[in-house]
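Protein chains in written order, with my numbering: chain A, 1 to 247; chain B, 1 to 100; chain C, 1 to 70.
Here it is in structure tokens:
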């Protein structure tokens, strides 16, 4: 498998750099090489293709990603997902490892901004005058990613380390997707919409990297991450672009 | 010895550096008392370049730099992580985990 | 009269954006921080934002001249 240059650079910048060796690092490196790099490579290739189509739409004054992003992210969905992931971990457990409460609260703050960025694309692009108009707009309240919406409320993390799998893999995929969008789609509103999100996704990836390196030192600690990853990589988990992780 | 500085134009205040430095028991990253409560690195406590932990988990390019030269350390340059001897860091982390 | 935001004092709470009657306040263009800006062409100098801003010194009124290049 040939690794796309964008992924190669991303791996060298963010994945491989490690400040120490240990069982957690070995665990992370093994699952990265064996299970995740092939999937990330496919994500890059497909995202680059998708970004070309999106750019031409944005240049024509249509902003499908802004509508989709507004419904798929932002306060409502994030409140949903972050609440689910916090309420299912007992309060004393939340402080362990990486402070779950603080990081999920931080994510809410970020996602609220991203919701307003999506709305801002539509406002600056002349589709609506005020964000409140989006309440009446079907495209801003619906998502074709049925699994994503369902998973938003039904993907609890009973063990605080389980989130590391989502941080490390799912958010890496999102980060790479946005990186590819920024590489290809030079429409100013697309850049406005995506730049902040790239940094947010990279932060979540770093949460996962840190949790695995620091805390997944024993098979017992690694198990919640393995199990969450098994779920995330399950072949029937198909995202809105029909990307099926092949096993 | 070179010291580290946070570039607030680039920092996204994700607090990963704060957590990492606290976890390994060095506690060189602190939150400033000014109204925006930004993250800073105490050069007296920071053991860079012996320790590079914060640099490996920082997601904001250019946000941690060498104070003397302005050299960006995020993403970490290869000379900071390839072929390094990390024995003492591992011991520090294991000792930190055994704290009550 | 128009209003602009001094980023050093702004805490990016977003209240000004919520209360502005004409929607002249937007996320700062192509910025990855959680910062806001007043788009000068849209600002009518209404001043509601000033009533609700919790960060002293963050919002400043100024006399807009025809030659201002904002």
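Virtual Cβ for every residue (Gly too), placed ideally from N, Cα, C.
Boundaries for residue 3 of chain A: no alpha helix (DSSP H) harbours it, and the DSSP string shows neither H nor E there. Inter-residue distance for residue 35 of chain A and residue 38 of chain C is about 47 Å (C-alpha atoms, whole angstroms). The beta carbon of residue 32 of chain C falls within 8 Å of a beta carbon belonging to chain B, placing the residue at that interface.
Pairing residue 27 of chain C with residue 110 of chain A gives a Cβ-Cβ distance that is not under 8 Å. Approximately 4 Å separates the beta-carbon atoms of residue 203 of chain A and residue 14 of chain B; this is inside 8 Å, confirming the contact. For residue 47 of chain B, not one C-beta of chain C is nearer than 8 Å to its own C-beta. In terms of Cβ geometry, residue 232 of chain A and residue 170 of chain A form a close pair [threshold 8 Å]. Taking a cut-off of 8 Å for Cβ pairs, the stretch 17 to 32 of chain A and the stretch 188 to 207 of chain A do not touch, as fewer than three such pairs fall below it. For chain A, the residues of the stretch 9 to 25 of chain B that bring a beta carbon within less than 7 Å of one of its beta carbons are 12, 14, 16, 19, 20, 23, in chain order. Among the residues of the stretch 2 to 22 of chain A, those with a Cβ less than 7 Å away from any Cβ of chain B are 13, 14, 17, 18, 19, 20, 21, 22, in the order of the chain. In the DSSP assignment, residue 64 of chain A falls within the unbroken alpha helix (DSSP H) covering 64 to 72. Residue 165 of chain A and residue 225 of chain A do touch by the CB rule: their CB atoms are close to 5 Å apart, below 8 Å.
Here residue 223 of chain A carries a helix assignment [DSSP, helix/strand/coil].
Around the beta carbon of residue 75 of chain B, a 10 Å sphere encloses 16 or more other beta carbons of the protein chains shown; the residue is thus reported as buried.
Secondary structure of residue 166 of chain A (DSSP, three-state): helix. Interface residue (Cβ-Cβ distance to chain A less than 8 Å): residue 29 of chain B is not classified as such. Taking 8 Å as the cut-off, the Cβ atoms of residue 16 of chain C and residue 62 of chain C do not count as close. In terms of Cβ geometry, residue 168 of chain A and residue 212 of chain A form a close pair [threshold 8 Å].
Cβ-Cβ distances below 8 Å link residue 137 of chain A to 67, 128 in the same chain, with the five nearest sequence neighbours on each side left out; the list follows chain order. From the beta-carbon of residue 130 of chain A, the residues of chain C found nearer than 7 Å are 23. Ranked by Cα distance from residue 42 of chain A, the first of A/197, A/198, A/183, A/177 is A/177. Listed along chain C, the residues sitting closer than 8 Å to residue 191 of chain A by beta-carbon distance are 30. Not a single CB atom of chain C sits nearer than 8 Å to the CB of residue 108 of chain A. Contact check for residue 37 of chain A against residue 3 of chain A passes: the beta carbons are separated by less than 8 Å. Spatial neighbours of residue 104 of chain A in its own chain (CB-CB distance under 7 Å, excluding positions within 5 residues in sequence) are listed in chain order as 82, 85, 86. Contiguous alpha helix (DSSP H) elements confined to the stretch 172 to 232 of chain A occur at 188 to 215, 219 to 232, taking only those with 4 or more residues. For the stretch 38 to 69 of chain B, the set of residues with a beta-carbon nearer than 9 Å to any beta-carbon of chain A comprises 51, 52, 53, 54, 55, 56, 57, 58, 59, 60, 61, in chain order. Residue 19 of chain C is not bridged by DSSP to any residue. DSSP, read as helix, strand or coil, puts residue 20 of chain A in coil. The Cβ-Cβ distance between residue 10 of chain B and residue 28 of chain B does not fall below 8 Å. According to the DSSP assignment, residue 5 of chain B belongs to the beta strand (DSSP E) that extends over 4 to 6. Selection A/92, A/172, A/181 evaluated against residue 160 of chain A yields A/92 as nearest (Cα-Cα).
In the DSSP secondary-structure assignment, residue 98 of chain A is not bridged to any residue. When Cβ-Cβ separations below 8 Å define contact, residue 176 of chain A makes no contact with chain C.
Proximity of residue 209 of chain A to chain B, defined by a Cβ-Cβ separation below 8 Å, is satisfied.
Close to residue 124 of chain A, with beta-carbon spacing below 9 Å, are these residues of chain C in chain order: 26, 29, 39.
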